[in-house]
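Written out below as structure tokens is the structure these notes cover.
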Amino acid sequence: MEQSNLSSREPVLEVRDLRKDFTIHVIGRHVEALNGVNLTVGAGEHVALIGQSGAGKSTLLRCVWRSYRPTSGHVWLRQRDGAQIDLATADDREVADIRRQQIGYVGQFLRAEPRRSVLEVVARAGIRRGAHEDDATDQAVTALREVAIGEDLWGTSPVVLSGGEQQRINLAAGTLYPPHLLLLDEPVASLDAGNRQRVLERIGHLARDGVAVLSVFHDLEAVRQLATRVVALCDGNVVADGAPNEVLELVAS
Amino acid sequence: MSEWALHVEGLTKWYGSTLACRDVGFTVAAGEAIGIIGESGSGKSTALRCIAGDVRASSGRVLLQKEGGAIDLLELSDAERRGLRVDTLSIVFQDPSEGLDLRVTAGGNIAERLTAAGWRNFSAIRSRARDLLDRVDVPIDRMDDLVETFSGGMRQRVQLAKAVANEPSLLLLDEPTTGLDASVAAGVLDLIRSLLETTRVTAVVVSHDMSVISMLTSRAIVMHQGHVVEAGLTDQLFEDPQHAYTQQLVSAARG
Ligand SMILES: Nc1ncnc2c1ncn2[C@@H]1O[C@H](COP(=O)(O)OP(=O)(O)OP(=O)(O)O)[C@@H](O)[C@H]1O
Ligand SMILES: [Mg+2]
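Listed in order, the protein sequences are those of chains A and B. 32 is the number of the first residue of the first sequence in our numbering; add one for each residue after it. 369 is the number of the first residue of the second sequence in our numbering; add one for each residue after it.
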């Protein structure tokens with residue numbers, strides 16, 4: 032009992048001394064995008080990253096997702112079964128498995144899967160995380176309704192849809208059969224007010240259900256509504272980490 | 369982590385004093401697809417043909433997991449290798465005439481592969497060939513037409529049907545959509561993706577085209593002048609290429 036309480040309080044994600052440099056060989060450009068970042072996200076926590084353009088927010092999310100290769104430091108993930116793994120150094124094959132089964136990543140743009148229907152795209156994300164096909168399809172239907180993607184669009188390919196529709200489909204896929212850790216990079220950037228609210232509500236439910244969420248939102252209203260903690264980045268460094276009110280106030284002043 | 373199905377190590381091929389590929393290595397899990405990307409002449413097709421056994425490697429190991437333990441494909445006799453090619457390892461070539469007899473019917477090409485694996489019952493063979501052609505979207509009424517009367521895309525579909533006829537555990541694809549018109553290539557790519565997704569086959573996909581690799585694989589290696597210069601998750605190779613050559617490839621692909 033004691034044991035399991037203790038372990039459930041351990042963070043799902045623990046980023047330690049994370050550095051990320053980019054070297055563009057042909058033009059000899061070198062950028063230090065993250066300079067030793069520390070942060071944690073617990074189960075049911077929603078940590079929002081804020082900071083100016085170029086501060087390193089997307090870079091941080093991608094280092095966790097491992098579509099960027101961290102230069103040094105650690106990205107500890109406590110997996111569903113309790114096992115710890117350092118995503119910064121883990122074998123690609125292992126990262127591929129963990130990604131598929133435990134992590135959701137929703138970027139600003141849909142990674143278009145041509146010639147596959149909206150319903151399939153969403154359901155497949157659930158199947159990858161271990162849902163049965165029927166179950167995944169049922170959940171996909173619910174998720175698409177929740178983000179107001181009408182039934183008339185389910186059979187078409189997402190590639191031909193509008194940016195806002197794609198974004199909602201992306202979100203439905205990334206949150207289906209909820210991942211253990213959800214990474215969100217401006218997931219409501221191209222949505223109108225009504226759709227934006229629907230998507231934010233879905234994200235809010237997930238955190239309440241115990242998903243660890245690390246996000247970047249363009250608008251601070253969304254941060255206020257959802258974040259349980261806010262981490263401010265400036266030039267690749269964490270400059271504040273605390274309660275949303277406090278950090279937002281600090282940054283505003 | 370899932371069990372490995374294919375493990376390639378130190379694979380090297382010299383043609384006289386010309387190096388075609390050197391020290392190529394990677395490991396693939398059962399049911400996984402890995403990509404080999406590089407421009408023409410980078411040694412990627414040579415590496416694939418060494419794995420298939422069509423080209424004799426100068427050195428290296430190609431371990432394939434089979435019931436009863438791993439075997440080194442480079443140490444097989446010719447007879448063993450031919451046997452393996454019937455039901456365990458299939459290769460799909462860019463040029464359908466390498467994988468098919470164009471002067472035989474679509475059904476006949478598939479029947480040939482089935483009979484090699486011991487199928488004897490005529491109607492069972494017909495019905496299996498029909499199922500396979502249906503699966504790759506070749507109209508059943510073309511089953512008894514000579515493959516040479518087929519379009520390029522259709523030939524490639526027949527080649528795929530033949531390659532998976534005996535449910536191989538390892539499928540090697542060498543530029544499977546290169547040379548086809550864009551829309552035809554897209555259809556064939558879709559078909560390959562669905563074959564990879566719906567079967568437990570382990571696959572190695574060779575292509576110079578980053579979009580093909582990104583559609584079919586989750587991990588890939590990058591080859592340049594016979595060497596592996598970088599390995600990674602496919603999206604990482606695109607978004608955060610480390611090696612100067614990969615960076616060049618990516619920026620060229622972005623146009
Ligand atoms: N793939 C990349 N290659 C080279 N440099 C990169 C790459 N990705 C990010 N950078 C650089 O890293 C720094 C941080 O960028 P990042 O995209 O993380 O900022 P951000 O905080 O997400 O900004 P925004 O709010 O504009 O999205 C920038 O200087 C950027 O140019
Ligand atoms: Mg960003």
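Each residue gets a CB set at the ideal place from its N, CA and C atoms; glycine is no exception.
Just list the residues that DSSP pairs residue i with in beta bridges.
i, result
"L387(B)", "W382(B)"
"F394(B)", "V376(B)"
"M591(B)", "V596(B)"
"R50(A)", "N66(A) and S103(A)"
"S575(B)", "I405(B)"
"Y136(A)", "L214(A)"
"G273(A)", "V261(A)"
"T473(B)", "L514(B)"
By DSSP, does residue i sit in helix, in strand, or in coil?
i, result
"Q115(A)", "strand"
"L559(B)", "helix"
"H236(A)", "helix"
"Q433(B)", "strand"
"D512(B)", "coil"
"R424(B)", "coil"
"E45(A)", "strand"
"D165(A)", "helix"
"D278(A)", "Just to set this straight, residue 278(A) is Val in the shown sequence, not Asp. Reduced to three states, the DSSP call for V278(A) is helix."
"D603(B)", "helix"
"A253(A)", "helix"
"S38(A)", "Note that S38(A) has pLDDT 48, beneath the 50 cutoff, so the model's placement of it is unreliable and the number below is only indicative. The answer is helix: DSSP assigns S38(A) an H, G or I state."
"D446(B)", "helix"
"T585(B)", "coil"
"S221(A)", "coil"
If you compare alpha carbons, which of the options is closest to residue i?
i, options, result
"V574(B)", "S562(B), S519(B), G520(B) and L557(B)", "L557(B)"
"R227(A)", "L80(A), N276(A), F248(A) and G59(A)", "F248(A)"
"S445(B)", "E377(B), V376(B), R424(B) and V460(B)", "R424(B)"
"G428(B)", "S410(B), E466(B) and H375(B)", "H375(B)"
"A274(A)", "S284(A), A258(A), V230(A) and C265(A)", "A258(A)"
"R450(B)", "A420(B), T602(B), G378(B) and T380(B)", "A420(B)"
"V269(A)", "L44(A), R50(A) and E41(A)", "R50(A)"
"A373(B)", "T545(B), G600(B), L538(B) and P544(B)", "L538(B)"
"L501(B)", "M522(B), F490(B) and A484(B)", "M522(B)"
"R453(B)", "V580(B), A612(B), A529(B) and R481(B)", "R481(B)"
"H56(A)", "V506(B), L468(B), E543(B) and Q616(B)", "Q616(B)"
"V254(A)", "V278(A), L237(A) and R239(A)", "V278(A)"
"C94(A)", "R494(B), L540(B) and D603(B)", "D603(B)"
"H105(A)", "K88(A), L70(A), R131(A) and D123(A)", "L70(A)"
Report whether the distance from the Cβ of residue i to the nearest heavy atom of ligand 2 is below 8 angstroms.
i, result
"K381(B)", "no"
"V262(A)", "no"
"D216(A)", "yes"
"K88(A)", "yes"
"T580(B)", "Sequence check: residue 580(B) is Val here, not Thr. Incorrect: V580(B) has no Cβ contact closer than 8 angstroms to ligand 2."
"V62(A)", "no"
"V247(A)", "yes"
For residue i, is the beta carbon positioned less than 8 angstroms from some heavy atom of ligand 1?
i, result
"Y136(A)", "no"
"L108(A)", "no"
"G399(B)", "no"
"E232(A)", "no"
"I55(A)", "yes"
"L91(A)", "yes"
"G82(A)", "yes"
Would you list, in chain order, the members of the stretch 148 to 175 of chain A that have their beta-carbon closer than 8 angstroms to a beta-carbon of chain B?
none
Please list the residues of the stretch 49 to 62 of chain A that have a C-beta atom closer than 7 angstroms to any C-beta atom in chain B, keeping them in chain order.
I55, H56 and V57
Listed from N- to C-terminal order along the chain, which residues in the stretch 82 to 111 of chain A have their beta-carbon within a distance smaller than 8 angstroms of any beta-carbon of chain B?
R93, R97, S98, Y99 and R100
For the stretch 115 to 127 of chain A, enumerate the residues whose C-beta is nearer than 8 angstroms to any C-beta of chain B, in chain order.
D122, D123, R124, E125, V126 and A127
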